[in-house]
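In the working numbering, the protein residues as written are 16 to 274. Glycine included, each C-beta is placed from N, C-alpha and C at the ideal position. Here's the structure we're looking at; comments come further down.
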């Protein structure tokens, strides 16, 4: 079985044919899909999707690229939504220094607020860290990481970054379809990811793996990324599949994992 831990299924280019997308996902063995929000509006949407489809679970929060439009009132509403039974995480939060640094302080403020909420709720935090992984790790370390858990999704960085994350006991990493690209340059550090700390994700509808590169990504394409990762890490595909499934259940679905 497979868990896609990160798929944005509310964008029009995938939501327009969502029943077909979910049917193909279950056909290849996907059991659960976690859909992360990027703001208050999508936080409501992911909960609606989780109510409609058994396979979908929600993560709610404010993405770093959306914080300039977010208010404290928005965050108060997200806190209220966080009690929903199918909300399994807080995020997608974090830092993004790729697009715009003019609101860096507000990114940090909302990242810390969401870490605090995740800690209070005993739910993992979903971390985006594009061009900002060093600062994201430092903030996590400063916020008493032994008291909460998290997922550095679509990780890009250095072996040192990976080592620092692995030093955080309750944190996991995942990689996207770009690992299948011909010019992917981070094979050395990805190859050092231990099986007990890696998760599977697509980041749909973005970063479709080869042979679907340039098309709308969807959960069913996850097998291409996992097969490539098995080759990079040097492990059997089924062994990696099993590890990813166990890790996702341990992080996001503790009750089912422990039962």
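Sequence-distant partners of residue 29 (beyond 5 residues in either direction) whose C-beta falls short of 7 Å from its own C-beta, in its chain, are 36, 219, 220, 231, 233. The criterion of a C-beta distance shorter than 7 Å is not satisfied by residue 106 and residue 144.
DSSP lists 111 as the beta-bridge partner residues of residue 145. Put simply, the stretch 254-261 does not touch the stretch 55-67. Fewer than three CB pairs are less than 8 Å apart. Burial check for residue 97: the Cβ neighbour count within 10 Å reaches 16 or more, so the residue is buried. Under the Cβ criterion (8 Å, minimum of three pairs), the stretch 131-148 counts as touching the stretch 102-121. In this structure, the beta-carbon distance from residue 176 to residue 155 does not fall below 7 Å. Taking 8 Å as the upper bound for CB-CB distance, residue 76 and residue 52 are in contact here, some 6 Å apart. Taking the Cα positions, residue 161 is about 34 Å away from residue 195.
Residues of the same chain with a CB within less than 7 Å of the CB of residue 208, apart from the 5 flanking positions on each side, are 177, 188, 248 in chain order. The three-state secondary structure of residue 150, taken from DSSP, is helix.
Within the same chain, 160 come within 6 Å of residue 183 by CB-CB distance, once the 5 residues on both sides are set aside. A Cβ-Cβ distance of about 4 Å is found for the pair residue 81 and residue 54, placing them in contact under the 8 Å criterion.
Relative to the Cα of residue 58, the nearest Cα in the group 47, 46, 24 belongs to 24. With a cutoff of 7 Å on beta-carbon distance, residue 44 and residue 17 are scored as near each other.
According to DSSP, residue 190 shares a beta bridge with 215.
Of the residues assessed, residue 48 falls on the buried side of the cut-off, its CB having 16 or more other CB atoms within 10 angstroms.
Secondary-structure assignment with DSSP links residue 249 through no beta bridge to anything.
In this structure, the straight-line span from the alpha carbon of residue 117 to that of residue 79 is close to 12 Å. At the C-beta level, residue 151 and residue 181 stay beyond 7 Å of one another. By the neighbour-count definition (other C-beta atoms within 10 Å, threshold 16), residue 206 is an exposed residue. According to the DSSP assignment, residue 50 belongs to the beta strand (DSSP E) that extends over 45-51. Selection 50, 125, 268, 113 evaluated against residue 91 yields 125 as nearest (Cα-Cα). Secondary-structure assignment with DSSP links residue 102 through a beta bridge to 73. Inclusion of residue 237 and residue 19 in the CB contact set at 7 Å is warranted, their separation being smaller than that value.
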